[in-house]
Amino acid sequence: MPTLAIVTDHYHYAITIFLMMAGLYIVVARGNMVKKLVGLSIFQTSVYLLYVEPGKIIGGTAPIIDPSFTVYSNPLPHVLMLTAIVVGMATLALGLALVVRINEAYGTIEEDEIFERDRET
Amino acid sequence: MNAVWPHLPILQVVVPLIGAVLAGFLRRAGPAFAVALAVSWLMPLIAGAMLWQVLASGPISYHIGSWPPPWGIEYRVDVLGGFMLLLVSTVGAVIMPFARRSVAFEVEDGQQAWFYCMYLLCLTGLLGIVTTGDAFNAFVFLEVSSLSTYVLVALGRDRRALLAAFQYLIMGTIGATFYIIGVGLLYLLTGSLNMADIAARLGPEWAGHSRAIVAALAFITVGVSLKLALFPLHAWLPNAYAYAPSWVTAFLSATATKVAIYLLVRFFFSIFGVAIDFRELPVTDIVIALSIAAMFVASVIAVFQTDLKRMLAYSSVAQIGYITLGIGLANQAGLTGGLVHIVNHALMKAALFLAAGAIFFRIGTVRLSDLAGIGRKMPLTMTAFTVACFGLVGTPGTSGFISKWFLVLGALDKGWWVPVFLIVGSSLIALVYVGRVLEVVWLREPSAAIANASDPPLSMLLPLVVLAAATIYFGLDTQWTAGIAGTAVKNLLGGLR
Amino acid sequence: MSYDLVLRVGTKLILPFILLFALYVQFHGDYGPGGGFQAGVIAASTVILLAITCGLDLAHRIAPQAVVQSMVPLGVLIYAGTGVAGLLLGKNYLDYSVLAHDPAHGHELGIFLVEAGVLITVAGTMTSLFYAFVERGR
């Protein structure tokens, strides 16, 4: 396959992989806990893209049977990702709640400062 | 009764869910505990009935909403599933009475009802992962159990529990996300999420697409390995286990990692093993190498710990290495050894962590230096602890010996001598860290700080003694563990190509 | 808190329409984009908007914390109860076809109940999350 065709046909995979790696990098590289959670959210968002893109057919409509339409998009990926979004939201909310509690207990949300404070005691 | 019989798979999952909802409504510790206890004691009955049914007449398939698979979600219980369900629910049932006093001691009053609510949600998730035959549904249950686990860990009194829960949340979420990326790739390839259907569709005609299959296998292996704390992805485990409330540690060490191991076995042998010749891929070799590294590195780290719970946590990482070694060997004896060790390790680690919880209940600390001579003050607790310790080392006559014996046989079946010596060698390191604790506990003079310590009340002592007795019983009678595990392995390996 | 007349009156004017839109999204879920998740978030946003503009005390009076916290398990109970109703009527879990005299109506009713459960849980969860975070600083 010519290189150009690979790029034009699969650009959405490139976006997905970029988001995936960017999110994972933020989680690994940042010491700030809120930033870590932001990275985690971006990482999860890439998965939503991974699932939803192949479900879309150009010109397809929502799968509600109607005589004036013949092409329908696959609804299953959307349903799956709705579930995954809820899971992601729950994770983010729980993570932020933990960060709030950590901030109250330690007075900081920078990981290295927290480790230092634990070492002191 | 006949009307209930076909609905057992869904009841196994829905009853704890409704229990969690009730505990959330009740808001008071006593009634919430009563609900949790009733549900926990009902679960093994359901699991046992299903295992009996599966052994008598083959796998049970249950269609949610009457939608036939692969379109609807199928709950499927085979011998391996029934075996794991019985293990998880039995551990929950046995250790539940311990929770009342231990949780009242370690968790703030206003949060105890939520504690039981979260426990029941976690149980729902764990039982759901094993029951479901749908790869995406397994992800949802994985996250249900994980999210409630993060909360349970964070309920520990120490502020480091919050940090441990946060780290666990980050690592656990990355693991779960890796898992759905893998499932997503499989879904793109096959258009199906039903595990049996995926395996059937990933036939030889997909040879040209094997790179995508391998990528899916890699994502799922790494994701699930994060959840089961396979070395070197175990970084979250020691802190989470050390700072969580004692009862939570006992429950998690016996169930959460074990269910993740189940998921790995399911994907390796029921999906990928059926679809592609997966012994040609290096994945089992990698798993074996990491397992052996876990057995040694984690054991050596355990030797240098000063905190009893932390030491036991590192020991868990090492013991998980034995289980994954059995998975990596991928032959009848080896995999049987791995599955048997799931049960044996669950029972003895639960006993050890409960003993740590009982010590904490009496003297408020589990630092090794504070435990000098505690064996004389809490003789029954520490006798049970000692029995479980011998199981951990693999002394003949305890259950730990049986699983290691099968692992050795599995290695020999492959004609490998080196792993045999490595299994024995790592057991000797286990003897070192276990011996260190036993020396402190039994041979030193009791200090003044523990002068008032005594054995805990019966509700805490009984679960501990039952688990320790099981460690010996399953070392002598292997019909329930090795017998059923052997049948499960025969079914798993029978489908391999 | 300073008294901002335009903001408060504007909020009170717009609140009923937000709630109405939540119900529209809820019931339109059968025929187009929508459903319990989205409707629940929109419904919860009314309480959040009220708390931001008119103060937390008023929001607590209109949506007391005990009620909001009970909504979370209540919705799950409605969902699970719909499934168990199928069990009790002799079919599989979450089989809606036995809920009414004919399967098509049964499915309509079942989906309605499940979505209602989702609405209640999501609205309750969102509001209690907001309350929990807001009250930390007090």
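Same order as they appear, the protein sequences are chains A, B and C.
Numbering-wise (my numbering), the first sequence opens with residue 14 and increments by one.
Numbering-wise (my numbering), the second sequence opens with residue 164 and increments by one.
Numbering-wise (my numbering), the third sequence opens with residue 248 and increments by one.
Virtual Cβ for every residue (Gly too), placed ideally from N, Cα, C.
How would you list, in chain order, the residues of chain A whose beta-carbon sits under 8 Å from the beta-carbon of residue i?
| i | result |
| --- | --- |
| B/V314 | L107 |
| B/F299 | L93, T96 |
| C/Y326 | Near C/Y326 there are no residues of chain A at all, since even the closest Cβ is about 13 Å away, more than 8 Å. |
Could you tell me which chain C residues have their CB closer than 9 Å to the CB of residue i, listed as they occur along the chain?
| i | result |
| --- | --- |
| B/F302 | Near B/F302 there are no residues of chain C at all, since even the closest Cβ is about 18 Å away, more than 9 Å. |
Please classify residue i as buried or exposed, where buried requires at least 16 neighbouring CB atoms within 10 angstroms.
| i | result |
| --- | --- |
| C/L252 | exposed |
| B/G335 | buried |
| B/Q642 | exposed |
| B/I292 | buried |
| B/H504 | buried |
| A/Y38 | exposed |
| B/E443 | exposed |
| C/V315 | buried |
| B/R429 | buried |
Is there at least one Cβ from chain A nearer than 7 Å to residue i's Cβ?
| i | result |
| --- | --- |
| B/G288 | no |
| B/A328 | yes |
| B/I592 | no |
In chain B, what lies closer than 8 Å to residue i by C-beta?
| i | result |
| --- | --- |
| C/K259 | Going along chain B, no residue has its Cβ under 8 Å from C/K259, so there is no contact; the nearest lies around 33 Å. |
| C/S317 | F188 |
| A/V40 | I333, I337 |
Thinking C-alpha only, which one of the options is nearest residue i?
| i | options | result |
| --- | --- | --- |
| C/G283 | C/D342, C/S317, C/T368, C/F377 | C/T368 |
| B/A476 | B/I486, B/G489, B/A461, B/I490 | B/A461 |
| B/T561 | B/I537, B/A210, B/L510 | B/L510 |
| B/L656 | B/N494, B/F548, B/S566, B/G273 | B/N494 |
| A/L50 | A/D131, A/V112, A/M33, A/E126 | A/V112 |
| B/S433 | B/D297, B/M334, B/Y596, B/M541 | B/D297 |
| A/A97 | A/Y119, A/S59, A/E129, A/N87 | A/S59 |
| B/L305 | B/I424, B/G228, B/A375, B/P395 | B/I424 |
| C/E382 | C/G287, C/A306, C/H354, C/L336 | C/A306 |
| A/L93 | A/A18, A/A27, A/E66, A/R114 | A/E66 |
| B/I613 | B/V603, B/L326, B/K540, B/T469 | B/K540 |
| B/D241 | B/P232, B/W234, B/I223 | B/I223 |
| B/V316 | B/T644, B/I486, B/A403, B/I173 | B/A403 |
| B/I258 | B/V202, B/I565, B/P233 | B/V202 |
| B/G536 | B/Q330, B/W580, B/S610 | B/S610 |
| B/G557 | B/V587, B/M545, B/W580, B/R322 | B/V587 |
| B/I464 | B/L250, B/W579, B/F394 | B/F394 |
Compare the C-beta of residue i against all C-beta atoms of chain C and say whether one is closer than 7 Å.
| i | result |
| --- | --- |
| A/V113 | yes |
| B/H170 | yes |
| B/S265 | no |
| B/I486 | no |
| B/S308 | no |
Using a Cβ cut-off of 7 Å, pull out every chain A residue sitting near residue i, in sequence order please.
| i | result |
| --- | --- |
| C/F377 | Under the 7 Å cutoff, chain A gives no residues; its nearest Cβ is about 10 Å from C/F377. |
| C/R383 | V113 |
| C/Y271 | The contacting residues do not exist; C/Y271 stays about 17 Å from chain A at best. |
| B/R323 | D131 |
Mind pulling the chain C residues with CB within less than 7 Å of residue i?
| i | result |
| --- | --- |
| B/H226 | N339 |
| B/I173 | Y340 |
Which chain A residues sit within Cβ distance under 9 Å of residue i?
| i | result |
| --- | --- |
| B/G588 | Within 9 Å Cβ-Cβ: nothing; B/G588 doesn't reach chain A, min ~34 Å. |
| C/F284 | L95, I98, V99 |
Using a C-beta to C-beta distance shorter than 9 Å, which residues of chain B count as neighbours of residue i?
| i | result |
| --- | --- |
| A/F56 | T336, I337, T340 |
Here's a check: name, in chain order, each residue in its chain whose Cβ is nearer than 8 Å to the Cβ of residue i, leaving out the five neighbours to either side.
| i | result |
| --- | --- |
| A/V40 | K49, G52, L53, F56 |
| A/P88 | G68, A75, P76 |
| B/I227 | I173, G235, I236, E237, Y238 |
Excluding the five sequence neighbours on either side, which residues of its own chain have a C-beta within less than 7 Å of the C-beta of residue i, listed in chain order?
| i | result |
| --- | --- |
| B/S409 | S265, E269, F516, A519, G520, F523 |
| B/T312 | C285, L415, A419 |
| C/C301 | R255, T258 |
| B/T253 | P207 |
| B/A496 | F569, L572, G573, D576 |
Only counting the same chain, and skipping five residues up and downstream in sequence, which positions put a Cβ closer than 6 Å to that of residue i?
| i | result |
| --- | --- |
| C/Y326 | V361, G364 |
| B/A631 | A514, A547, V550, A551 |
| B/W204 | A256 |
| B/V466 | V595, Y596 |
| B/M407 | The displayed chain sequence assigns Ala, not Met, to residue 407 of chain B. Cβ within range, chain order: V316, G319. |
Answer with yes or no whether the minimum CB distance from residue i to chain B is below 7 Å.
| i | result |
| --- | --- |
| A/V60 | yes |
| C/V323 | yes |
| A/T104 | yes |
| A/A35 | no |
Using a cut-off of 7 Å between C-beta atoms, extract the partners of residue i located in chain B.
| i | result |
| --- | --- |
| C/L334 | H170 |
Check the Cβ of residue i against every Cβ in chain C and list those closer than 8 Å, keeping chain order.
| i | result |
| --- | --- |
| B/L356 | Here the premise fails: no neighbours, minimum Cβ distance about 17 Å. |
| B/V177 | A327, G330, V331, Y340 |
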